[in-house]
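To start, the structure under review is shown below, and the notes come after it.
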Amino acid sequence: MERLCSSSLHANIPAALDKHLEAIHVVQSRRKDEIVNASNHQRQGAPKCQDDRDVFALALAVKELSATTCKVRTVLWCALQMTL
Numbered sequence: 496m497e498r499l500c501s502s503s504l505h506a507n508i509p510a511a512l513d514k515h516l517e518a519i520h521v522v523q524s525r526r527k528d529e530i531v532n533a534s535n536h537q538r539q540g541a542p543k544c545q546d547d548r549d550v551f552a553l554a555l556a557v558k559e560l561s562a563t564t565c566k567v568r569t570v571l572w573c574a575l576q577m578t579l
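Using the working numbering, the letters of the sequence shown map in sequence onto residues 496 to 579.
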């Protein structure tokens, strides 16, 4: 987009994209943790109910990802409008 308007974009645009990417990485990490802990419980013969902390951490990460997705969508729409 910077090439289209021949000027640099507002500093909030790359910052919002970085926060969104970070939120994606957090969700991936929380999901991996949940899978590892679930498989460890299965190997130990523990009951099938999972440790709720992993599920809650994943839910919070998904909630944060949802919020950052909304923000980055708005930021990218504004950036597109500025380049047109």
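A virtual CB, placed ideally from N, CA and C, is assigned to each residue, including glycine.
Only a predicted model underlies this, so the values are computations on that prediction, with no experimental measurement involved.
Taking all protein chains shown into account, do 16 or more other C-beta atoms lie within 10 angstroms of the C-beta of Arg-538, making it buried, or fewer, making it exposed?
Your numbering for residue 538 matches position 43 in the sequence shown. Around the beta carbon of Arg-538, fewer than 16 other beta carbons lie within 10 angstroms, which makes this residue exposed.
Assuming Asn-507 and Val-570 make a contact with CB atoms under 8 Å, what is their CB distance in whole Å?
The residue labelled residue 507 in the question sits at position 12 within the sequence shown. The residue labelled residue 570 in the question sits at position 75 within the sequence shown. Taking a contact as a CB-CB distance under 8 Å, the pair Asn-507 and Val-570 counts as one, their CB atoms being some 6 Å apart.
With distances taken from CA atoms, which of Ala-574, Thr-563 and Leu-555 is nearest Ser-524?
Position 29 of the sequence shown, counted from the start, is the residue given in the question as residue 524. Of the candidates Ala-574, Thr-563 and Leu-555, the one whose C-alpha sits nearest the C-alpha of Ser-524 is Leu-555.
May I have the straight-line CA-CA distance separating Leu-512 from Met-577, to the nearest angstrom?
The residue labelled residue 512 in the question sits at position 17 within the sequence shown. The residue labelled residue 577 in the question sits at position 82 within the sequence shown. The straight-line gap separating the alpha-carbon atoms of Leu-512 and Met-577 is approximately 17 Å.
With a 10 Å radius around its C-beta and 16 neighbouring C-beta atoms as the bar for buried, classify His-515 as buried or exposed.
The count along the sequence shown starts at 1 and reaches residue 515 at position 20. Its Cβ being crowded by 16 or more others within 10 Å, His-515 is buried.
Any heavy atom of the ligand SAH inside 8 Å of the beta-carbon of Val-550?
Because no ligand of any kind appears in the structure shown, any question about the ligand SAH cannot be addressed here.
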